[in-house]
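Each number in this note's numbering comes from the position in the sequence shown (counting from 1) with 18 added on.
Note that the Cβ used here is the ideal one computed from N, Cα and C, for glycine as well.
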Amino acid sequence: MKIDKALIVSMFKEAASSPKLRFNYDLRTSSYDTSQRMLNAVLPGTKISIHRHRDTTECVFILTGRLEEVFYDDKGMELERIMLDASLEYARGCVVPKGVWHTIVVYEPSVIFESKDGAYVPQDKDDVMNY
């Protein structure tokens, strides 16, 4: 499979037609693949709850666009922002340590590659921060 302009354009169309303004493209090779590898097309205005992954580190790399990864402490106080920018003006990726609260703020249509260890498990209510 190629990750090219045609795929990215189609992902942005899917994201634009979604109420959540985002679209996930699963890169696993089969249902037996227990890793999590995906492309996420995200548009400005998408809302992703502050959340954490208790059992895995998350790697995030930007393919196109510009957004910020935002980190929080256990009380919801902002700790750090990392600008991810495909133009190389800023970082091209970051690592979200296991158990760290985070979200993103999208400034322009963006596609990110995300990877995490282990099979997908729906988030527990204790892993989503109410703000």
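CA-CA distance, D91 to G111, rounds to 21 Å. The Cβ-Cβ distance between A59 and R84 does not fall below 9 Å. Excluding sequence positions up to five before and after F30, its CB lies within less than 6 Å of the CB of A59 and P127, all in the same chain and listed in chain order. DSSP places S36 outside both helix and strand once states are collapsed to three, so it counts as coil. Under the three-state reduction of DSSP output, I100 falls in the strand class. Listed as beta-bridge partners of V88 by DSSP are R99 and T121. Judged by DSSP in its simplified three-state form, I130 adopts strand. E86 sits buried, since 16 or more C-beta atoms from the chains shown fall within 10 Å of its C-beta.
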